[in-house]
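One structure below.
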Amino acid sequence: MRQEDIARHLRGLYLDKDNSWVCGVCAGLADRLGHDVTIVRLIATFMLVFWTLPTAIIYGLAAALLKDRPLRPSNPRSERDFWRMRDRDRRSY
Numbered sequence: 705m706r707q708e709d710i711a712r713h714l715r716g717l718y719l720d721k722d723n724s725w726v727c728g729v730c731a732g733l734a735d736r737l738g739h740d741v742t743i744v745r746l747i748a749t750f751m752l753v754f755w756t757l758p759t760a761i762i763y764g765l766a767a768a769l770l771k772d773r774p775l776r777p778s779n780p781r782s783e784r785d786f787w788r789m790r791d792r793d794r795r796s797y
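In terms of this note's numbering, the numbers along the sequence shown are unbroken and rise by one, the last being 797.
Pasting the structure below:
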């Protein structure tokens, strides 16, 4: 696989430290795939029990290489309106 292909497949995969237990790898993977985080954690635990070394290496690499999830406002429109009003108030001084 080319590096661009790998980057395209991993786009949107981040660490989710808000919902994490250890490093946020399972929570980020669950968010990216659209699955419940509990199911992803159960699969990761099963893999860790039966394939300890490969699973630990992959998890460690993911925790080290993935970036934190970017902040996403819950309501982008109200966020934008808030900052516009603040800038307008600041200019009035």
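Built from N, CA and C at the ideal position, the CB exists for glycine as well. Bear in mind the structure is a predicted one, so any value in this text is a computation, not a measurement.
Beta-bridge annotation (DSSP): residue 772 is paired with 719. Under the three-pair Cβ rule at 8 Å, the segment 761–769 counts as touching the segment 719–733. Contact check for residue 752 against residue 719 fails: the beta carbons are separated by 8 Å or more. By the neighbour-count criterion, in which a residue is buried when 16 or more other Cβ atoms sit within 10 angstroms of its Cβ, residue 728 is buried. Residue 716 places its beta carbon less than 8 Å from that of residue 736. Only buried fits residue 773, as 16 or more other CB atoms lie within 10 angstroms of its CB.
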